[in-house]
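Single-structure report; data block below.
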Ligand SMILES: Cc1cc2nc3c(=O)[nH]c(=O)nc-3n(C[C@H](O)[C@H](O)[C@H](O)COP(=O)(O)OP(=O)(O)OC[C@H]3O[C@@H](n4cnc5c(N)ncnc54)[C@H](O)[C@@H]3O)c2cc1C
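Residue numbers (the working numbering), protein chains in the order written: chain A, 81 to 467; chain B, 12 to 277.
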């Protein structure tokens, strides 16, 4: 895989071993039939437990028998998974960064003991319910409500575009607690087999097809007050999770782009037109040069982010910059790679168009490209454009 | 019980490499290093035995330069308890080690570790001698079985029930008394991936470096009646006939060819 500045030769043994294991896993367990899953619109559910056994869910967290690897190693893992398919990386991101992370950071001891082991092993699946039909980029306007009734809460509302909701055992639902002053946003752990919970699958996707997406309907759902995450109140809860996941996306996008680049480079060397490999033509070489340059810049961003995160100095705005840039980069690279493959490029026989289709989701979820621009604009000028 | 698993880091050449006339080896820049495929199965077999039998230690041994530590560490990440790596200036200087030299060095390790069971790969996918395991058994006077593709260990009885794969798809069922050397065939098990937890733990597992002198051996162990005289890519001759036309036409052409070759009459 392209590593033009030799960043990987500076990795520690442990990091290189994690990269190699993830790469081998993707080559053997993901790549052979991911295109079929993409065509069928199914997720390779066998991977859920296999990735759990290998410790791919929230490996950067400590305690509770979690691997506690460094942030760079975690990034490398996300990069390798997304080189396989964005859907596989999404599975790991949602389970690890969006469900296990908040339980780990804000959960009670009972909640941690109840959920972390089975989520880590993949025996149970979690999902993260923030987006609603009427509130996407502006989640703080959410309408989902929780009303206290004795030592229970009654939840009412609906969430949509929720990765894995149809196969989830538990949904972390963000809702406004209308029984508290100013109706703050709280996190509720809702077992999906509770009365009043529905999780319908969204079938008409043309992107992220090898990933299951659905809605969460909440109709008078009763949960004990012990199911509320005690450690966080307000939008900081969901937003802090998103910062974790976006960090992984900044790395993952580099992986998808590198896979596209390698496919295009190989194809250009093999495919002959006008009596020689198309890689001989300057137009194609310029495309490869540009792709390699942009991938390398994205890689540098990701590596620097890892250093800052390891030191606990990473700001959400820096993550926004990397998510915004790297996903846009992957979008351009996958499109260029697709184009270099000519007619073959539009099939599932080659990865670029699948990556390209997936990236449309990655461009939109976890804060759209535009919204990250606004976050940066706010940080740079002090003026929030979205209020 | 103690199990010694011999492992080797092997070089794999890139698809397109150049071999200048007179070169005795493929240039470093075309090579990538990885654990020998057969040894993956040996490691997995050893680790599975340890998981099924209490108080079993799995030790890996390799002959290789410092570079090979990362490959060996992967075996530690998959459950091997500790490792021994033998390297020496005298080994650095020789072009390749023959079977005899390897067997002598490994025999010295066996003398030191006193294992009940030694697992080796059937062969290494670089030099492919396919003889180290058996040569070692001969030298240390252990029972042995080669090309083992199924192993059922009776620890208490000190007996290994093995299936051996023979030429032509024949299987031999044999009982081998411990201590024994078994050379392990691919497919005997399904080698695991290293888990992230395993990789973390492997960082603090021990890889003890040995020089020849530590094993009471000296540089003459590398003396060999074999020497590498040349290396070249064999000419590959392939003649493929592609039939074209409708299925009927293709069948006619095939029939004609088979007739010409005397496979069928007519
Ligand atoms: C496959 C998939 C999986 C997903 N998984 C999850 C999940 O697991 N959990 C979850 O909670 N959500 C999930 N989402 C939802 C995702 O986070 C939202 O789609 C995203 O936040 C955008 O919201 P929206 O679709 O409502 O678009 P909108 O917010 O309606 O945006 C529409 C367009 O308007 C632009 N826009 C919005 N506001 C502004 C502004 N102020 N200035 C300029 N432009 C603006 C946007 O950039 C965008 O281009 C998923 C989405 C997809 C597609």
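The beta carbon of each residue, even a glycine, is placed where N, CA and C say it ideally should be. Since the structure is predicted, the reported quantities are computational estimates derived from the model, not experimental observations.
- Under DSSP, residue 236/A shares a beta bridge with 225/A.
- Taking 8 Å as the upper bound for CB-CB distance, residue 406/A and residue 334/A are in contact here, some 6 Å apart.
- In the DSSP annotation of this structure, residue 220/B is not part of any alpha helix (DSSP H); the continuous beta strand (DSSP E) holding it starts and ends at 218-221.
- Between residue 321/A and residue 199/A, the gap from beta carbon to beta carbon reaches 9 Å or more.
- Taking all protein chains shown into account, residue 354/A has fewer than 16 neighbouring C-beta atoms within 10 Å of its C-beta and is therefore exposed.
- Interface criterion met: the Cβ of residue 206/B is under 9 Å from a Cβ in chain A.
- Distance between residue 265/B and residue 245/B, taken at the CA atoms: about 30 Å.
- Burial state of residue 40/B is exposed, judged by a 10 Å Cβ sphere holding fewer than 16 other Cβ atoms.
- Interface with chain B (9 Å Cβ-Cβ cutoff): residue 343/A is excluded.
- Of the other Cβ atoms in all chains shown, fewer than 16 fall within 10 Å of the Cβ of residue 268/B; this residue is therefore exposed.
- Contact check for residue 192/B against residue 251/B fails: the beta carbons are separated by 9 Å or more.
- No Cβ-Cβ contact shorter than 9 Å links residue 168/A with residue 330/A.
- Checking the DSSP bridge columns, you'll see residue 356/A partnered with 353/A.
- In this structure, residue 130/B places its C-beta atom within 9 Å of the C-beta atom of residue 195/B.
- Between the C-alpha atoms of residue 340/A and residue 418/A there is a straight-line separation of about 8 Å.
- Out of 64/B, 91/B, 95/B, the CA that lies nearest to the CA of residue 79/B is found in 95/B.
- Proximity of residue 210/B to chain A, defined by a Cβ-Cβ separation below 9 Å, is satisfied.
- Leaving aside the five residues that flank residue 221/A on each side, the residues in its chain whose CB is nearer than 7 Å to its CB run, in chain order, 215.
- Within the stretch 52-64 of chain B, no residue has a Cβ lying closer than 8 Å to any Cβ of chain A.
- Within the DSSP bridge table, the entry for residue 316/A names no partner.
- Membership of residue 197/A in any beta strand (DSSP E) is not indicated; the residue belongs instead to the alpha helix (DSSP H) covering 189-201.
- Using a Cβ-Cβ cut-off of 9 Å, residue 96/B does not count as an interface residue toward chain A, since no Cβ of chain A sits closer than that to its own.
- If the five residues before and after residue 230/B are omitted, its C-beta is found closer than 6 Å to the C-beta atoms of 101, all from its own chain and listed in chain order.
- Between residue 313/A and the set 459/A, 144/A, 83/A, 187/A, the nearest pair of CA atoms involves 187/A.
- It is roughly 8 Å from the alpha-carbon of residue 455/A to the alpha-carbon of residue 464/A.
- For residue 80/B, the nearest CB of chain A lies under 9 Å from its own CB, placing it at the interface with that chain.
- Taking residue 238/B as reference, the option from 30/B, 35/B, 23/B, 262/B with the minimal CA-CA separation is 35/B.
- Residue 265/A has its CB no nearer than 8 Å to any heavy atom of ligand 1.
- With contacts defined by Cβ atoms closer than 9 Å, residue 242/A and residue 293/A form a contacting pair.
- Within the same chain, and ignoring the five residues on either side of residue 45/B in sequence, the residues whose Cβ sits closer than 8 Å to its Cβ are 20, 21, 23, 82.
- Here the distance from the Cβ of residue 405/A to the nearest heavy atom of ligand 1 is not below 8 Å.
- Between residue 211/A and residue 277/A, the alpha-carbon positions lie close to 16 Å from each other.
- The beta carbon of residue 204/A sits closer than 7 Å to those of 198, 249, 250, all from its chain and outside the five residues before and after it, given in chain order.
- Between residue 84/B and chain A, the shortest Cβ-Cβ separation is below 9 Å.
- As the crow flies, the alpha-carbon of residue 167/B is around 21 Å from that of residue 152/B.
- Short note on residue 288/A: C-beta closer than 8 Å to some heavy atom of ligand 1.
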